[in-house]
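Remarks on the structure that follows.
Protein chains in written order, with our numbering: chain V, 78 to 381; chain A, 30 to 348; chain Z, 46 to 250.
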């Protein structure tokens, strides 16, 4: 009997010590993890707009996030946009409810700061406070709007779509006319050497400069990538004097209306990315139009 | 007769499970079935004939993906089958069949009678999704040949066919037990109390516990079986797959059925891999291999060939 | 095996070469096949394993007199799992990109036979100092194996090293394909065996 007690005691003590060590590490790292993840997203956004180490983000550049929720109240479904509004020097949020046809339903004031709004639990708490208790809401997606001074320069869209194996997470940058400024693959699980090549510049940069009309009907072609275009796409490998300014313009013009060249051995991955991007842009363009109409009609002064 | 009993129970459970899973939900009494067809079609089966003028008018139908209620997809064509009970909606672009689609119809007209509007959910058969998951874990994403997990035990026990089968079966039993316990513990304890950082410790503990449990039960219930399979039980703890499966189902937030399928698939996949490898290695014994390559090195090269073959399954989907 | 008589240097060297966990002991093969596609992956997972091995060895060595023999294995498992959780949390917080590349394999360190084996065979019988050096040797040995594999696969598969373009072209795309891990490990093992045979033959005269 004594033996069993001894064993139990020893096990309990070791479990407690282990739990303490893990708990401590968790509390220390949880904050850093959140911060680093946020920084990573921020850097990707800035990178897509062409800013980086050598080209810092200008002072007057601001980013504003709009969060889209689907809100169900009984039989009715609404789209709820959390829209940042300027209140004096502070930035606050309002919830704009639109019906499925995009018509304005109502506007509710939220008490949440832009920093707090980045966290999903905080947003949910703020929404719960203003919505009917019976209402049910689910998170849709986020739009980030980049503004320089008073001028809107870009939309940044985080998104996810099915790839060849599992999901592919991307970040897409569009200019105000919905021309693609850049595509970044955030996460994927495609086969290395095959579908994994979607992260390479010569694939993802093909989406650059595609106009909205082209994107709407974007396809994948199984044709080898022309050598000059490949060189042009691999921006990181550019050397001094490789392309003159005219050549760059010429190549860009030449390939602007071309479809996406498939990766060798990974047509399905190429197609998944192309279709995913196409759908993201199409849905976004439709929604942002409806939202802006509603905001303009209701004279809601959004921060973006 | 006595030892038939467990199988009876198993059969009953399986049939009940199949019934609850395939219970296709349609929210209108006149609509029998809705389903996706090809990539860009939805087929609606009615309980009786419907009026052609109503059925072929595309304006009577509107469809949206469940997460995007504001973006309406309009069919470009609606065709009625000769017996007037089946309508096929064709869409201009491929549908995302992975998502449930909500289909709403205006007042259904059947031989002059008004049957009221309908709001239906079109989705893949859940049983199909589960089957895909099972086959996915067993073949398409075989843990050994495409995820490279569990190799130590794989190379250790694939020398002889009998060993391979014994190990495979023992492993499958233990992994199903462990995974189901892990699923319950994760969903009802770890996640609600935000203790997910304890995942690793808890899951490895559960695996050891289920090994111990199967060991004790087998010893008491069937000593013959224990004699045959007991030696493999200890090896299960050292198998990375046993810990990878609980981690994966926690990551993907699978429900109970999906977890069961993943665990079963992982076990069967491991069994398949072991058996194939054992067959090849038994033949290798007879081959004239350079001395420095004897044993493990040549086994690795053989496994590489299997892995290449399994790459052919990659990205396949059944439903 | 009773308490060791080997010197510290000998312990480390043995871990790297004579008892190399990947090529000689053939333990913990999963990451060696799965994610040895680049040198960077090798280094990072190597560091993680090194950390877990050294800390677990030290922990067990310190408490070796207090472990009840009947709960020896559970104690080892608990120790390893704790340190794996710690490194998993730290890596995911501070090196998110690399952590994603390694995927599930960091968590799977918990099931590595090599670590439990070293605890059972060495750390529970030796002093803290010796256990530290032994753990270091094993960890370095694992890292050495992973980096070698990564070197071969990255250089031949994508013509780069640590992400820098070295060759400017891709000699054998095959080496970076997922299944090639098996071939490379098999060939390297054969190579190690061959070196061993030649070496011992020369010694005999």
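The C-beta atom is built at its ideal place from N, Cα and C for all residues, glycine as well. Computed from a predicted structure; not experimentally measured.
Residue i, buried or exposed, once every other Cβ within 10 Å from all chains shown has been counted against 16
i	result
residue 178 (chain A)	buried
residue 64 (chain Z)	buried
residue 341 (chain V)	exposed
residue 47 (chain A)	Only weak support exists for where residue 47 (chain A) lies, its pLDDT of 49 falling under 50; the value from the coordinates is given anyway. Exposed.
residue 242 (chain Z)	exposed
residue 332 (chain V)	buried
residue 139 (chain Z)	exposed
residue 326 (chain V)	exposed
residue 99 (chain A)	buried
residue 112 (chain V)	exposed
residue 52 (chain A)	Any answer about residue 52 (chain A) is weak, because its pLDDT of 40 lies below 50 and its placement is not dependable; what the coordinates show is given next. It is exposed - the Cβ of residue 52 (chain A) has fewer than 16 other Cβ atoms within 10 Å.
residue 298 (chain V)	exposed
residue 141 (chain V)	buried
residue 376 (chain V)	exposed
residue 33 (chain A)	Low per-residue confidence applies at residue 33 (chain A): pLDDT is 46, beneath 50, and the placement is therefore not dependable enough to give any value.
residue 346 (chain V)	buried
residue 246 (chain A)	exposed
residue 339 (chain A)	buried
residue 283 (chain V)	buried
residue 81 (chain V)	exposed
Enclosing alpha helix (DSSP H) for residue i [first to last residue]
i	result
residue 162 (chain V)	It is not in any alpha helix (DSSP H) - residue 162 (chain V) instead sits in the beta strand (DSSP E) that spans 153 to 164.
residue 91 (chain V)	79 to 125
residue 229 (chain V)	Not the alpha helix (DSSP H): residue 229 (chain V) falls in the beta strand (DSSP E), residues 228 to 239.
residue 266 (chain A)	252 to 266
residue 234 (chain Z)	225 to 249
residue 192 (chain Z)	173 to 203
residue 82 (chain Z)	Careful: residue 82 (chain Z) lies outside any alpha helix (DSSP H) and carries neither H nor E.
residue 315 (chain V)	Premise fails: residue 315 (chain V) is in no alpha helix (DSSP H) and is neither H nor E.
CB of residue i within 8 Å of CB of residue j, strictly
i	j	result
residue 143 (chain V)	residue 161 (chain V)	yes
residue 291 (chain A)	residue 162 (chain A)	yes
residue 175 (chain A)	residue 238 (chain Z)	no
residue 271 (chain A)	residue 215 (chain A)	no
residue 155 (chain Z)	residue 233 (chain A)	yes
residue 285 (chain A)	residue 212 (chain A)	yes
residue 361 (chain V)	residue 258 (chain V)	no
residue 88 (chain Z)	residue 147 (chain Z)	no
residue 206 (chain A)	residue 242 (chain A)	yes
residue 101 (chain A)	residue 93 (chain A)	yes
residue 300 (chain A)	residue 201 (chain A)	yes
residue 295 (chain V)	residue 337 (chain V)	yes
residue 106 (chain V)	residue 134 (chain Z)	yes
residue 358 (chain V)	residue 289 (chain V)	yes
residue 126 (chain Z)	residue 229 (chain A)	yes
For residue i: DSSP bridge partner residues
i	result
residue 158 (chain Z)	According to DSSP, residue 158 (chain Z) bridges with nothing at all.
residue 187 (chain V)	V:170
residue 329 (chain V)	DSSP, once it has assigned bridges, lists no residue as partnering residue 329 (chain V).
residue 108 (chain Z)	DSSP lists no partner for residue 108 (chain Z).
residue 246 (chain V)	V:237 and V:264
residue 107 (chain A)	A:118
residue 65 (chain A)	A:71
residue 94 (chain A)	A:130
residue 139 (chain A)	A:142
residue 209 (chain Z)	Z:206
Element boundaries [beta strand (DSSP E), containing residue i]
i	result
residue 257 (chain V)	257 to 264
residue 217 (chain V)	213 to 225
residue 52 (chain Z)	Here residue 52 (chain Z) belongs to no beta strand (DSSP E), and DSSP marks it neither H nor E.
residue 143 (chain V)	138 to 150
residue 151 (chain A)	147 to 151
Any non-hydrogen atom of the ligand NAD within 7 Å of residue i CB
i	result
residue 260 (chain A)	Among the components modelled here there is no ligand, and therefore nothing to report on the ligand NAD.
task: Report yes or no: do three or more beta-carbon pairs, one from the segment 224 to 231 of chain V and one from the segment 202 to 214 of chain V, lie closer than 8 Å?
output: no
- request: Pair every Cβ in the segment 141 to 159 of chain Z with every Cβ in the segment 68 to 75 of chain Z, then say whether three or more of these pairs are closer than 8 Å.
  value: yes
- request: Taking 8 Å as the threshold, find out whether the segment 119 to 130 of chain Z comes into contact with the segment 212 to 222 of chain Z through three or more Cβ pairs.
  value: no
- prompt: Between the segment 298 to 312 of chain A and the segment 189 to 209 of chain A, are three or more C-beta pairs nearer than 8 Å?
  reply: yes
- prompt: Any contact of the segment 310 to 321 of chain V with the segment 260 to 272 of chain V, i.e. 3+ C-beta pairs under 8 Å?
  reply: no
query: Should the segment 67 to 85 of chain A be regarded as contacting the segment 128 to 137 of chain A, the criterion being three or more beta carbon pairs within less than 8 Å?
result: yes
- prompt: Just checking, does the segment 139 to 157 of chain A make contact with the segment 51 to 61 of chain Z on the three C-beta pairs under 8 Å criterion?
  reply: no
message: Would the segment 260 to 269 of chain A count as touching the segment 218 to 225 of chain A if we require 3 or more Cβ pairs under 8 Å?
response: no
task: Spell out a yes or no on whether the segment 177 to 184 of chain V and the segment 366 to 373 of chain V are touching, meaning 3 or more CB-CB pairs, one atom from each, closer than 8 Å.
output: yes
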